[in-house]
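Engineer:
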Amino acid sequence: IGRQGALRALGVSVVPGGVSESPSKPRLVNLNQDPLFSECLVYYLNEGVTIVGLEARCDITLSGPDVKPRHAVLTFSTSEEVAGGLIHLCPVHGAATYVNGVLVSSSSAASASSSS
191 IGRQGALRAL GVSVVPGGVS ESPSKPRLVN LNQDPLFSEC LVYYLNEGVT IVGLEARCDI
251 TLSGPDVKPR HAVLTFSTSE EVAGGLIHLC PVHGAATYVN GVLVSSSSAA SASSSS
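Mapping of the sequence shown onto my numbering: residues 191 to 306, in sequence order.
Right under this line is the structure:
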């Protein structure tokens, strides 16, 4: 399969120098204190539940001193009522989870087509 194929199978798009856009799917974009690493990884969300955390069995695995073994649960569902679908975020208790730089401490939902 190769590295790019394996990453695509995991829902990750790696593009040298930036983010590859796929306007039809919601995505998570990594941010990093080092600007050379920001926006280099994109995690596309499939419909259904996506578990994010440190454990290898998570759908999206992250690393770092503040990442919990099971950090957050995202649920993406399409909806005729909400353009682009709806993403429900449920941070695990004690897991610092941010959306567009804002700390999210309880379950929340947003349109998948919005940037906020």
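Where is the CB? At the ideal position from N, CA and C, for every residue including glycine.
How do the region 281-291 and the region 259-267 stand: do at least 3 beta-carbon pairs fall below 8 Å, yes or no?
Structural biologist: Yes: the two stretches touch, three or more of their Cβ pairs being nearer than 8 Å.
Engineer: Tell me whether Val289 sits in a helix, a strand or coil according to DSSP, three-state version.
Structural biologist: Three-state result, Val289: strand.
Engineer: Express the C-alpha separation of Ser267 and Gly275 in angstroms, rounding to a whole number.
Structural biologist: When rounded, the distance between both Cα atoms is 6 Å.
Engineer: Taking all protein chains shown into account, decide if Leu231 is buried (16 or more other Cβ within 10 angstroms of its Cβ) or exposed.
Structural biologist: Counting Cβ neighbours within 10 Å, Leu231 comes out buried, since at least 16 surround it.
Engineer: Taking all protein chains shown into account, do 16 or more other C-beta atoms lie within 10 angstroms of the C-beta of Gly291, making it buried, or fewer, making it exposed?
Structural biologist: Classification of Gly291: exposed, given that the 10 Å Cβ count is below 16.
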